[in-house]
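The structure appears below as structure tokens.
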Amino acid sequence: MTQIDDELLRCLPDLRAYARSLTRNRHDADDLVQDAVLRILHAADRYQPGTNFKAWAFTILRNRFLNEFVAKRRATREFDEGEMERVPVGARQEDGLELSDFQRIFHRLPEDQRSILTLVSGSNLPYEDVARVLNCAVGTVKSRVHRARSALLALLEEEKLQRAVPRRPPPPRASLRAMAAEEQRRLSF
1 MTQIDDELLR
11 CLPDLRAYAR
21 SLTRNRHDAD
31 DLVQDAVLRI
41 LHAADRYQPG
51 TNFKAWAFTI
61 LRNRFLNEFV
71 AKRRATREFD
81 EGEMERVPVG
91 ARQEDGLELS
101 DFQRIFHRLP
111 EDQRSILTLV
121 SGSNLPYEDV
131 ARVLNCAVGT
141 VKSRVHRARS
151 ALLALLEEEK
161 LQRAVPRRPP
171 PPRASLRAMA
181 AEEQRRLSF
């Protein structure tokens, strides 16, 4: 196994997580990662040892996404929330619901905000490496992360407020019986 192979195997889970955040679809993410891996292997001679392999690989994956998958997505249907991959969770049912709610809310963020949060938080890339992947300044990365986190927090708060709105409880059974009896009397005349 070469050094490139070892590096690639180590960052493969992070590449897949990043691809999922970009595509919002497990199958498209798998296709994107596969395509990026092929490109990485074909371009292995252009990798400069001693530089950050993970940032280089993320750049290839992101560029591939921008070049191919964005065009494909425009030509196909929009994301269906029912297609989200179900993630195995612990025995507490609330954990699964919270994770599912978070995924749904996270995917309401614009693509650039999902992308930056996945790179920084999901893949644990330092800001400097994220800046190289996105071809921008470190300060730009920091401000984008701040805006994305603020947007996510706002969506979470909005969701929390929507759940806090009291719903009208159903009428008691006695009221239902009285309503039915009244309706029956009205119809009998």
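Going by UniProt numbering, the sequence shown wraps up at 189, each residue one higher than the last.
Cβ coordinates follow ideal geometry from the N, Cα and C atoms, glycine included.
{"Query": "Beta-carbon proximity list for Leu125, same chain, < 6 Å, skipping 5 on both sides", "Result": "Leu119"}
{"Query": "Tyr127 in three-state terms, based on DSSP", "Result": "helix"}
{"Query": "Anticipated Cβ contact below 8 Å, Ser115 with Leu22, distance rounded", "Result": "6 Å"}
{"Query": "Bounding residues of the alpha helix (DSSP H) (the contiguous stretch that carries Asp41)", "Result": "In the sequence under discussion, the amino acid at residue 41 is Leu, which differs from the Asp named in the question. First-last of the alpha helix (DSSP H) with Leu41: Arg26 to His42."}
{"Query": "Lys160 classed as buried or exposed, judged by whether at least 16 other C-beta atoms fall within 10 angstroms", "Result": "exposed"}
{"Query": "Helix, strand or coil at Arg147 according to DSSP, with G and I counted as helix", "Result": "helix"}
{"Query": "Alpha carbon of Ala154 to alpha carbon of Cys11, nearest angstrom", "Result": "31 Å"}
{"Query": "Residue environment, Glu83, which counts as buried when at least 16 other CB atoms sit within 10 Å", "Result": "The predicted position of Glu83 is uncertain, since its pLDDT is 46 and thus under 50; a value taken from the coordinates is nonetheless stated next. Looking at its Cβ environment, which holds fewer than 16 other Cβ atoms inside 10 Å, Glu83 is exposed."}
{"Query": "Reduced DSSP secondary structure (H/G/I, E/B, other) of Tyr47", "Result": "coil"}
{"Query": "Where Asn63 falls: helix, strand or coil (DSSP)", "Result": "helix"}
{"Query": "Reduced DSSP category for Leu109 - H, G, I as helix; E, B as strand; rest coil", "Result": "coil"}
{"Query": "Neighbour-count burial assignment, Ala164, 16 or more Cβ in a 10 Å radius", "Result": "exposed"}
{"Query": "Contact set for Lys142: own chain, Cβ-Cβ below 8 Å, skip 5 residues either direction", "Result": "Tyr127"}
{"Query": "Beta-carbon proximity of Leu156 to Leu109, cut-off 8 Å", "Result": "no"}
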